[in-house]
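Under this note's numbering, the first residue of the sequence shown carries the number 93, and numbering increases by one thereafter.
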Amino acid sequence: MRTLITNGLVVTADGSSPADVLVEGETIALVGTGLAAAGVTADATIDATGKYVVPGGIDVHTHFELPFGGTFAKDTFETGTKAAAHGGTTTIVDFAVQPKGKALREGLDVWMAKAEGNAVLDYGFHMIMSDVNDASLAEMDRLVAEGVTDFKLFTAYPGVFLSPDDHIFRALQQTRKNGGLIMIHAENGPVIDVIAADLVAAGTTDPIGHGLARYPILEGEATNRAIRLAEAAGVPVYFVHLSSRDAMEVVTAARGRGARAFAETCPQYLFLSLDDLGNGFEGAKYVCSPPLRPKDHQEDLWRGLRTDTLQLVATDHCPFDFHGQKELGRGDFRKIPNGLPAVEDRVDLLHDGGVVKGRISRERWVEIMSTAPAKMFGMYPKKGAIAAGSDADILVFDPHRKRTISAATHHMAVDYSIFEGFEVQGTSDLVMSRGTVLVRDGAWVGPAGHGKFIRRGLADHARLA
Ligand SMILES: [Zn+2]
Numbered sequence: 093m094r095t096l097i098t099n100g101l102v103v104t105a106d107g108s109s110p111a112d113v114l115v116e117g118e119t120i121a122l123v124g125t126g127l128a129a130a131g132v133t134a135d136a137t138i139d140a141t142g143k144y145v146v147p148g149g150i151d152v153h154t155h156f157e158l159p160f161g162g163t164f165a166k167d168t169f170e171t172g173t174k175a176a177a178h179g180g181t182t183t184i185v186d187f188a189v190q191p192k193g194k195a196l197r198e199g200l201d202v203w204m205a206k207a208e209g210n211a212v213l214d215y216g217f218h219m220i221m222s223d224v225n226d227a228s229l230a231e232m233d234r235l236v237a238e239g240v241t242d243f244k245l246f247t248a249y250p251g252v253f254l255s256p257d258d259h260i261f262r263a264l265q266q267t268r269k270n271g272g273l274i275m276i277h278a279e280n281g282p283v284i285d286v287i288a289a290d291l292v293a294a295g296t297t298d299p300i301g302h303g304l305a306r307y308p309i310l311e312g313e314a315t316n317r318a319i320r321l322a323e324a325a326g327v328p329v330y331f332v333h334l335s336s337r338d339a340m341e342v343v344t345a346a347r348g349r350g351a352r353a354f355a356e357t358c359p360q361y362l363f364l365s366l367d368d369l370g371n372g373f374e375g376a377k378y379v380c381s382p383p384l385r386p387k388d389h390q391e392d393l394w395r396g397l398r399t400d401t402l403q404l405v406a407t408d409h410c411p412f413d414f415h416g417q418k419e420l421g422r423g424d425f426r427k428i429p430n431g432l433p434a435v436e437d438r439v440d441l442l443h444d445g446g447v448v449k450g451r452i453s454r455e456r457w458v459e460i461m462s463t464a465p466a467k468m469f470g471m472y473p474k475k476g477a478i479a480a481g482s483d484a485d486i487l488v489f490d491p492h493r494k495r496t497i498s499a500a501t502h503h504m505a506v507d508y509s510i511f512e513g514f515e516v517q518g519t520s521d522l523v524m525s526r527g528t529v530l531v532r533d534g535a536w537v538g539p540a541g542h543g544k545f546i547r548r549g550l551a552d553h554a555r556l557a
């Protein structure tokens with residue numbers, strides 16, 4: 093099967109130029125001007141006049157079917173990847189969880205089984221380490237060799253995921269040997285628990301308490317601590333869902349002295365704020381960790397994206413229904429399942445808030461939503477590029493078409509939208525994964541179970557730094 097995408101503007105992280113793209117089977121065979129005129133033929137032609145032709149979005153932070161607080165994140169690998177595809181994402185990396193006291197492998201096998209045959213998009217896995225010990229450290233090397241090349245540790249959630257400093261340090265040391273990357277959820281969990289208990293004791297039980305308890309300074313503190321530990325171990329470190337000015341200042345300073353500190357932020361921190369946690373129990377819809385921050389943090393995060401202090405945007409997609417799930421926390425905000433639905437809206441939101449609003453260039457938009465994630469997580473240039481030899485993961489993106497985000501029309505398996513009523517300019521007309529069209533004009537046209545596991549390589553830190 094040969095498909096020719098003609099007359100579009102090919103936009104990559106490096107630049108934009110009018111070009112045709114020839115797809116042969118699952119990969120891009122040729123990128124050049126006037127291919128059709130030069131006699132290149134194909135089985136199907138897609139006219140992209142007036143549209144961008146860009147690499148498919150890569151969301152490196154999703155939690156499909158994650159067990160949390162006695163319930164499960166609603167989206168399965170099938171519904172979640174389908175929703176992601178509708179929003180212009182063609183690759184996801186999810187988090188497998190090591191069961192406490194068990195092997196990493198045991199957790200990975202469970203997540204592999206959930207995804208296989210169900211995911212419609214190509215998928216990789218990061219590994220959440222619940223226990224750092226001699227056995228799990230040795231296992232890290234084997235996982236890296238199998239394409240699961242990074243490991244997430246937490247300074248938050250005492251008694252569940254929290255790793256003490258010596259455990260984090262040992263994991264960092266191990267990546268010096270195996271080339272993997274440590275990802276950190278940086279918030280000072282034990283101190284937050286003290287403040288949260290004080291708030292509840294003083295009568296603040298509504299969702300706003302969640303935002304008030306988790307001070308930005310406690311994200312800054314944990315971020316700084318993890319960077320210093322990584323510098324001591326002589327390895328890079330990556331921060332998931334960086335949310336605050338406090339954490340960004342620490343990363344900026346670290347990069348200034350040459351430390352290899354990298355970070356993602358998420359759409360919710362760029363577009364929503366602490367105010368959304370107010371409004372009584374309705375605020376439960378916006379409970380995630382780190383929490384939404386005061387509005388004035390938003391422009392600092394956009395500046396971080398502009399200056400490459402922040403390398404990319406991922407969603408931390410982890411949806412719970414308002415009815416029946418978020419409601420578990422009525423009367424005590426500490427019992428509200430943490431997480432938000434966002435996997436479907438990232439690409440369009442970043443185009444609207446970033447490119448249309450004049451905060452970043454369209455090339456930087458492609459970089460933060462596709463190319464940088466591919467480089468950071470060992471998938472480039474197979475993913476994240478419009479180039480001969482790359483997987484044909486392609487969006488034909490209309491930069492002018494407008495749509496309104498709503499739970500009534502979204503494809504995520506969750507009963508509300510955190511971006512309800514947002515009007516965005518720019519959305520995908522066509523979404524292609526490895527040469528197969530999955531979504532056309534908003535309608536699903538792809539096969540079931542199309543996704544394949546991606547054996548990822550090591551991050552190219554030299555290129556990223
Ligand atoms: Zn997460």
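Where a beta carbon is used, it is the ideal one built from N, C-alpha and C, also for glycine.
Nearest-angstrom Cα separation, counted from residue j out to residue i
i: Ala557; j: His415; result: Here the model assigns Ala557 a pLDDT of 49, short of 50, so the residue's position is not dependable, and the following value carries that caveat. Taking the straight line from one Cα to the other gives about 44 Å.
i: Arg493; j: Ile184; result: 25 Å
i: Ala610; j: Val146; result: What the structure shows of the chain is the stretch from 93 to 557, and residue 610 is not part of that stretch, so it cannot be assessed.
i: Gly107; j: Leu101; result: 10 Å
i: Glu170; j: Ala294; result: 43 Å
i: Ile120; j: Leu196; result: 36 Å
i: Leu229; j: Lys194; result: 13 Å
i: Tyr361; j: Asn280; result: 19 Å
i: Leu127; j: Thr98; result: 8 Å
i: Ser520; j: Gly179; result: 7 Å
i: Ala540; j: Ala211; result: 8 Å
i: Asp368; j: Ser222; result: 31 Å
i: Lys427; j: Leu310; result: 20 Å
i: Trp536; j: Ser109; result: 29 Å
i: Gly326; j: Cys410; result: 32 Å
i: Phe425; j: Gly372; result: 11 Å
i: Pro429; j: Val132; result: 54 Å
i: Leu158; j: Phe164; result: 5 Å
i: Ala351; j: Ala324; result: 10 Å
i: Val458; j: Ala434; result: 18 Å
Limits of the unbroken beta strand (DSSP E) element including residue i
i: Phe187; result: Thr181 to Val189
i: Arg567; result: Beyond the ends of the chain as shown, which are 93 and 557, falls residue 567; an answer cannot be given.
i: Met524; result: Glu515 to Ser525
i: His153; result: Gly149 to Thr154
i: Arg94; result: Arg94 to Val103
i: Asp139; result: Ala136 to Asp139
i: Leu273; result: Leu273 to His277
i: Gly199; result: Premise fails: Gly199 lies in the alpha helix (DSSP H), Leu196 to Ala207, not in any beta strand (DSSP E).
i: Thr119; result: Thr119 to Gly124
i: Arg306; result: Note, Arg306: premise wrong, no beta strand (DSSP E); not H, not E.
Unbroken alpha helix (DSSP H) run spanning residue i, endpoints
i: Lys244; result: Lys244 -> not in any alpha helix (DSSP H); beta strand (DSSP E) instead, spanning Asp242 to Phe246.
i: Gly216; result: That residue, Gly216, is in no alpha helix (DSSP H); its beta strand (DSSP E) goes Asp214 to Ile220.
i: Met468; result: Ala464 to Met468
i: Pro539; result: Run containing Pro539: none; DSSP gives neither H nor E here.
i: Val286; result: Gly281 to Ala293
i: Ala227; result: Asp226 to Ala237
Supposed contact pair residue j and residue i - C-beta distance, whole angstroms, cut 8 Å
i: Lys244; j: Val332; result: 7 Å
i: Ala339; j: Ala346; result: In fact, because the Cβ distance is near 11 Å, the residues do not count as touching under 8 Å.
i: Met232; j: Asn270; result: 6 Å
i: Asp437; j: Gly518; result: That belief does not hold up - the Cβ atoms of Asp437 and Gly518 are roughly 12 Å apart, past 8 Å.
i: Gly148; j: Val447; result: About 17 Å; that fails the 8 Å criterion.
i: Leu402; j: Ala322; result: The Cβ separation is near 17 Å, so there is no contact.
i: Ile510; j: Leu393; result: Actually they are not in contact, since the Cβ atoms of Ile510 and Leu393 sit about 16 Å apart, beyond 8 Å.
i: Leu384; j: Leu366; result: 5 Å
i: Val236; j: Gly199; result: Incorrect: roughly 16 Å between the Cβ atoms, too far for contact.
Contact test: residue i Cβ vs ligand 3 heavy atom, cutoff 6 Å
i: Asp186; result: Among the ligands in the structure shown, ligand 3 does not appear; only ligand 1 can be found there.
Neighbour flag for residue i against chain C, beta carbons, 7 Å
i: Ile428; result: No chain C is present in this structure, which holds just one protein chain.
- Task: Assess, as a yes-or-no matter, whether the region 312–329 is touched by the region 252–260 under the definition of 3 or more beta carbon pairs within less than 8 Å.
- Result: Two segments are said to touch when three or more pairs of C-beta atoms, one from each, lie closer than 8 Å; by this definition the region 252–260 touches the region 312–329.
- At a cut of 8 Å, does the region 499–506 reach the region 122–136 through at least three beta carbon pairs? Cβ pair count under 8 Å is below three, so no.
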